[in-house]
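Novice: Take any residue in the sequence shown, count from 1 to its spot, add 7: that is its number in my numbering.
One structure, as structure tokens, below. Some questions next.
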Amino acid sequence: MQPNRSNSEKRPADRLLKMPGKHDRGPIDFKTRIAEHEGEIMAIATRDVVAAQQTATIIQAVEIMTREGFRRLPIVDAGTHRLRGIVTGSDIIDFMGGGDKYNLVQVKHGGNFLAAVNEELREIMTEHPVTMPATGSIADALDIIVNRKIGGIPITDNNGELKGIVTERDVMMVLATEHSRCRVEDIMTSSIRVTTPDTPISKVCEKMVNCRFRRLPVVTDDVLCGIVTATDIMRYLGEGKAFEHLTTGDAAEVMATPVRLLLSGELYTTTPDKNIHEVALEMLRRQVGALPVIEDSHLVGLVTEYDLVKAFSREG
């Protein structure tokens, strides 16, 4: 790195020097890391990655993701630890009625949800996920996140062995260390899709998959009453609530639950005039992936981690 570059010439990756990472790993010595054939991406990546095998069941994966608070779970070989695929919250939503993976429930198991959730992960996992090498840079990760809209990137070595994972939240932690000229209204999504409290989970899953969303604001009479995420729906399954009132085991029974039962009591919002630096820090502190934008008591937009990472990258 060139220590004497002006602020306007700095790459986003250079901001890493200003923060310790989400875990205290001591001072970051880039010369040592180069000697170890590791790139700067490993300084912010999660190294001790929780992973599953292809033969684990769908419900086991959902339980792990729910317990750990993950949006994604890498799938590896037991012996070699080579990456074979990944299961994301979107895959689970697809399986629960949102898209083609629901065929596993409807076609193969005739609507028997209990049988379907005990199928192996290989049935719904995404094979050949986008990865990056352990020698990669933060700029490489930023390019994948912004241009390919991938929120979590497994990191592998030359043999395909899983060495870590880096997410858009990890990258945002780096980029949010500098102030910005942008405000929420400059980057938020204003044409947002919403749902209502009594909408069944099945319809919410369909909308999320078809529109490629991970979250939907929940409104009633034009008033925001919550936000439902893919993680909330996954938690409904992973914590066993989906099975509490089952009598037939049929998928329709599971997915008829109104989405209002999944909403938590906490609702964090922001306003259009907020600086995105403040909003990024707020989202990191709250550990949320998006904030509804409220103006004059009305929902006017949504700002996500992806929106923030993209905005910060343009300013770098």
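We put the CB at the ideal spot given by N, CA and C, even for glycine.
Give a yes or no on whether the C-beta atoms belonging to G106 and V191 are separated by under 8 Å.
Specialist: Here the question's residue 106 lines up with position 99 in the sequence shown. Here the question's residue 191 lines up with position 184 in the sequence shown. G106 places its beta carbon 8 Å or farther from that of V191.
Novice: Say whether chain D places a C-beta atom closer than 8 Å to the C-beta of I66.
Specialist: In the structure shown, chain D cannot be found, because there is only a single protein chain.
Novice: With distance defined between alpha-carbon atoms, name the residue in L288, V69, C232, A63 nearest to Y243.
Specialist: Numbered from 1 along the sequence shown, position 236 holds the residue referred to as residue 243. The shortest Cα separation from Y243 among L288, V69, C232, A63 belongs to V69.
Novice: Figure out for me which residue from G167, P279, Y275 has the closest Cα to the Cα of R4.
Specialist: Residue numbering for the chain in the displayed model covers 8 to 323; residue 4 lies beyond these limits and cannot be assessed.
Novice: Can you name, in chain order, every residue of its own chain whose Cβ lies under 8 Å from the Cβ of I131, other than the five neighbours on each side?
Specialist: Residue 131 sits at position 124 when you count from the first residue of the sequence shown. Excluding sequence neighbours, I131 sits near I65, V94, D98, I99, D101, F102, K108, L111.
Novice: According to DSSP, simplified to helix, strand and coil, what is R40?
Specialist: One-based indexing of the sequence shown puts residue 40 at position 33. Model confidence at R40 stands at a pLDDT of 35, short of 50, so the residue's coordinates are unreliable; what they give is reported in the following sentence. Three-state DSSP puts R40 in a helix.
Novice: Assuming T227 is part of the beta strand (DSSP E), what are its boundary residues?
Specialist: By 1-based counting over the sequence shown, the position of residue 227 is 220. Here the beta strand (DSSP E) through T227 covers 222–227.
Novice: Taking A141 and D164 to be in contact with their CB atoms under 8 Å, please state how far apart those CB atoms are, rounded to whole angstroms.
Specialist: Looking up residue 141 in the sequence shown gives position 134. Looking up residue 164 in the sequence shown gives position 157. With a Cβ gap of about 6 Å, A141 and D164 count as contacting.
Novice: Could you spell out the range, first to last residue, of the alpha helix (DSSP H) harbouring T73?
Specialist: The sequence position of residue 73 within the sequence shown is 66, counting from 1. Per DSSP, T73 belongs to the alpha helix (DSSP H) from 65–75.
Novice: Hey, is the region 50–61 in contact with the region 201–216, meaning 3+ C-beta pairs nearer than 8 Å?
Specialist: no
Novice: Determine which residues share a DSSP beta bridge with A146 and list them.
Specialist: Numbered from 1 along the sequence shown, position 139 holds the residue referred to as residue 146. None, per the DSSP bridge assignment.
Novice: Where D257 and R267 are concerned, what is the direct C-alpha to C-alpha distance, given to the nearest angstrom?
Specialist: Against the sequence shown, residue 257 aligns to sequence position 250. Against the sequence shown, residue 267 aligns to sequence position 260. Cα-Cα distance, rounded: 21 Å.
Novice: D228 to E47, Cα distance in whole Å?
Specialist: Translated into the one-based positions of the sequence shown, residue 228 becomes position 221. Translated into the one-based positions of the sequence shown, residue 47 becomes position 40. If you take the alpha carbons of D228 and E47, they lie about 49 Å apart.
Novice: Grouping DSSP H, G and I as helix and E and B as strand, with all else coil, what is D257?
Specialist: Within the sequence shown, residue 257 is the residue found at index 250, counting from 1. Here D257 sits in strand by DSSP.
Novice: Just confirm the distance between the C-beta atoms of H134 and G158, as a whole number of angstroms; I'd bet it's less than 8 Å.
Specialist: Working through the sequence shown from its first residue, we reach residue 134 at position 127. Working through the sequence shown from its first residue, we reach residue 158 at position 151. Looking at the sequence shown, residue 134 is not His but Glu. Actually they do not touch by this definition, with Cβ atoms about 18 Å apart.
Novice: Given a cut-off of 8 Å on the beta-carbon distance, is the pair L306 and V235 in contact?
Specialist: The residue you call residue 306 lines up with position 299 of the sequence shown. The residue you call residue 235 lines up with position 228 of the sequence shown. Not closer than 8 Å, so no.
Novice: Do you know whose CA, among V83, R79, M49, P136, lies nearest T238's CA?
Specialist: What you label residue 238 is simply residue 231 of the sequence shown in a count that begins at 1. The shortest CA-to-CA distance from T238 to any of V83, R79, M49, P136 is the one to R79.
Novice: Looking at the secondary structure, which residues open and close the beta strand (DSSP E) in which A297 lies?
Specialist: Along the sequence shown, one-based indexing puts residue 297 at 290. Element bounds for A297: 297–302.
Novice: Among the candidates E213, A122, Q67, A52, whose CA atom is the shortest distance from the CA of S144?
Specialist: Along the sequence shown, one-based indexing puts residue 144 at 137. With respect to the C-alpha of S144, the residue from E213, A122, Q67, A52 having the closest C-alpha is A52.
Novice: Measuring only the C-alpha atoms, how far is L315 from G86?
Specialist: Here residue 315 is taken as the residue at index 308 of the sequence shown, counted from 1. Here residue 86 is taken as the residue at index 79 of the sequence shown, counted from 1. Whole-angstrom Cα-Cα distance: 39 Å.
Novice: Spell out the partners DSSP gives P279 in its beta bridges.
Specialist: Counting from one through the sequence shown, the residue named residue 279 turns up at place 272. Answer is none; P279 lacks a bridge partner.
Novice: Measuring straight from C-alpha to C-alpha, what distance separates G245 and M262?
Specialist: Against the sequence shown, residue 245 aligns to sequence position 238. Against the sequence shown, residue 262 aligns to sequence position 255. One C-alpha to the other measures close to 14 Å.
Novice: Let me know the secondary structure DSSP gives R90 once reduced to three states.
Specialist: Within the sequence shown, residue 90 is the residue found at index 83, counting from 1. Here residue 90 turns out to be Leu, not Arg, going by the sequence shown. Strand at L90.
Novice: Using DSSP with H/G/I as helix, E/B as strand and the rest coil, what is L306?
Specialist: As a position in the sequence shown, residue 306 is number 299, starting the count at 1. If DSSP states are grouped into helix, strand and coil, L306 belongs with the strands.
Novice: So which of E127, T278, E285 has the shortest CA-CA distance to I4?
Specialist: The requested residue 4 is not part of the displayed model; the chain covers only 8 to 323.
Novice: Would you check if the distance between the CB atom of I152 and the CB atom of V178 is smaller than 8 Å?
Specialist: One-based indexing of the sequence shown puts residue 152 at position 145. One-based indexing of the sequence shown puts residue 178 at position 171. Cβ distance < 8 Å, so I152 and V178 count as in contact.
Novice: What are the uninterrupted segments assigned as alpha helix (DSSP H) that are 4 or more residues long and contained completely in the region 171–250, given in chain order?
Specialist: 175–182, 191–194, 208–218, 237–245
Novice: Beta carbon of V295, beta carbon of I194: below 8 Å?
Specialist: Mapped onto the sequence shown, residue 295 falls at position 288. Mapped onto the sequence shown, residue 194 falls at position 187. Going by C-beta atoms, V295 is not nearer than 8 Å to I194.
Novice: Among M49, R91, G96, which has the Cα closest to the Cα of M72?
Specialist: The count along the sequence shown starts at 1 and reaches residue 72 at position 65. Comparing Cα-Cα distances from M72 to each of M49, R91, G96, the minimum goes to G96.
Novice: Could you check the C-alpha separation between F77 and R188 for me, to the nearest Å?
Specialist: Looking up residue 77 in the sequence shown gives position 70. Looking up residue 188 in the sequence shown gives position 181. For F77 and R188, the distance between alpha carbons rounds to 32 Å.
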